[in-house]
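A.B. asks:
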Amino acid sequence: IKQQALCPFKAFAEWRLHAHELEKTSPGLRTKDRGNIVHKTLELLWAQLRDHASLVAMGWTELDTLIYQSIEEAFNLPSNSRSTYKQYITLEKQRIHKLISQWLQIEKERTPFKVITHEKAAQITLNQLSLSIRIDRIDELPDGKKLIIDYKTGKNNEISSWLGERPEEPQLPLYSLLDPHNTVGITFAQIAPGEHGFKGISRYSLDIAGIKLVSEIKKITALSWEEQLTQWKTILTQLSNDFCQGIAKVDPKDMVKTCLWCTLKPLCRINEEIMYDADNSFN
Numbered sequence: 251i252k253q254q255a256l257c258p259f260k261a262f263a264e265w266r267l268h269a270h271e272l273e274k275t276s277p278g279l280r281t282k283d284r285g286n287i288v289h290k291t292l293e294l295l296w297a298q299l300r301d302h303a304s305l306v307a308m309g310w311t312e313l314d315t316l317i318y319q320s321i322e323e324a325f326n327l328p329s330n331s332r333s334t335y336k337q338y339i340t341l342e343k344q345r346i347h348k349l350i351s352q353w354l355q356i357e358k359e360r361t362p363f364k365v366i367t368h369e370k371a372a373q374i375t376l377n378q379l380s381l382s383i384r385i386d387r388i389d390e391l392p393d394g395k396k397l398i399i400d401y402k403t404g405k406n407n408e409i410s411s412w413l414g415e416r417p418e419e420p421q422l423p424l425y426s427l428l429d430p431h432n433t434v435g436i437t438f439a440q441i442a443p444g445e446h447g448f449k450g451i452s453r454y455s456l457d458i459a460g461i462k463l464v465s466e467i468k469k470i471t472a473l474s475w476e477e478q479l480t481q482w483k484t485i486l487t488q489l490s491n492d493f494c495q496g497i498a499k500v501d502p503k504d505m506v507k508t509c510l511w512c513t514l515k516p517l518c519r520i521n522e523e524i525m526y527d528a529d530n531s532f533n
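In the working numbering, the protein residues as written are 251 to 533.
(1) Cutting at 7 angstroms between CB atoms, please list the residues of its own chain near Ser490, excluding the five before and the five after it.
(2) To the nearest angstrom, how far is the alpha carbon of Gln298 from that of Gln495?
(3) Is the distance from the Cβ of Gln352 to the Cβ of Glu415 below 9 angstroms?
(4) When you compare the CB of Phe363 with every CB in chain E, is at least one pair closer than 9 angstroms?
(5) Please confirm whether Ser474 and Lys462 have their CB atoms less than 9 angstroms apart.
(6) Report the start-end ranges of each beta strand (DSSP E) in the segment 305-386 that is 3 residues or longer and not cut off at the edges.
(7) What does the alpha-carbon distance come out to for the pair Lys336 and Tyr401?
(8) So Lys507 and Glu445 are supposed to be a Cβ contact under 8 angstroms. How far apart are they, rounded?
(9) Going by the beta-carbon positions, is the gap between Ala261 and Phe493 smaller than 9 angstroms?
(10) DSSP beta-bridge partners for Asp301?
(11) Report buried or exposed for Arg536, applying the criterion of at least 16 other Cβ atoms within 10 angstroms of its Cβ.
(12) If you follow the alpha helix (DSSP H) that Tyr425 is part of, which residue opens it and which one closes it?
(13) Give me the residue from Glu357, Thr480, His368 with the minimum Cα distance to Ser426.
(14) Suppose you measure from the CA of Ala269 to the CA of Gly278; what does that come to, to the nearest Å?
(15) Could you tell me if Pro392 is buried or exposed, where buried requires 16 or more neighbouring beta carbons within 10 angstroms of its beta carbon?
(16) Any contact between the segment 314-328 and the segment 279-293? By contact I mean 3 or more CB pairs, one from each, below 8 angstroms.
(17) Which residue spans inside the segment 443-476 form an unbroken beta strand (DSSP E) run of at least 3?
(18) In chain order, what residues of the same chain have a beta carbon less than 8 angstroms from the beta carbon of Lys364, not counting five sequence neighbours either side?
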């Protein structure tokens, strides 16, 4: 769905032709590896803590030990056992420890909640397209309703990426459709150096800094949470229909942003098309 929104050809090439860039080897951990380790560390932490009350009640020394133990366990998983320098790994563990320690201070400031699931695998069907998804985290709020959280270890993640006919980050809008009656909010959990906090929207006030009401977001045209869910369902269903119908034209949403890091340019030949159009404009 994300690829179809960004560029129909990208979705076709990656999911039907299985065209992908060959992985490049590099020293140290890849950005993806770092993100996965943070995700796993938080999963292990909340498996022990379980709720806001336990986090607040735990002394700093005990919590600090739990953070270190979770980081060690995350690094020891086979998927994270890439060979690299010992000193580098030590520094990376210290970096992650600092990130998560700062993040948990933000979690402490929240109203009570329970973490009811982490890395939840699920299936969702949009007309003919069945999608396998994995939700980073779902919190249960005091009234029994759910807040869906997506961890982000990079920067510049914005609510605007969920909006429009071609949302750049459709994952959370998609997740909200799994249980629309009980889900009252979706949010990024930004865990990056110098940029910690929530960025999300909700049906009603959750008293969480960074999570706003639908009516407070200027770019949102929906008048209510329920109307926003309806819009997302319509938009995401249309994107899934486009993919199933084989719509695969070279049509990047934003040529600068969409094409900047895309590795499919030799296949779609968009640069040649631009040069051809430029030549014709002078003739």
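Quick reminder that beta carbons are idealized off the backbone N, C-alpha and C, glycines included.
Just so it is clear, the structure is predicted and the values come from calculations on it, not from any experiment.
C.D. replies: Reading off the structure:
(1) Ile251, Leu376, Asn377, Leu379
(2) 46 angstroms
(3) no
(4) Among the chains of the structure shown, chain E does not appear; only one protein chain is present.
(5) no
(6) 364-376
(7) 27 angstroms
(8) That pair is no contact at about 19 angstroms.
(9) yes
(10) Lys364
(11) Within the shown structure, residues of the chain are numbered from 251 to 533, placing residue 536 beyond reach of any answer.
(12) 421-426
(13) Thr480
(14) 26 angstroms
(15) exposed
(16) yes
(17) 445-452, 461-463
(18) Arg300, Asp301, His302, Asp389, Glu390
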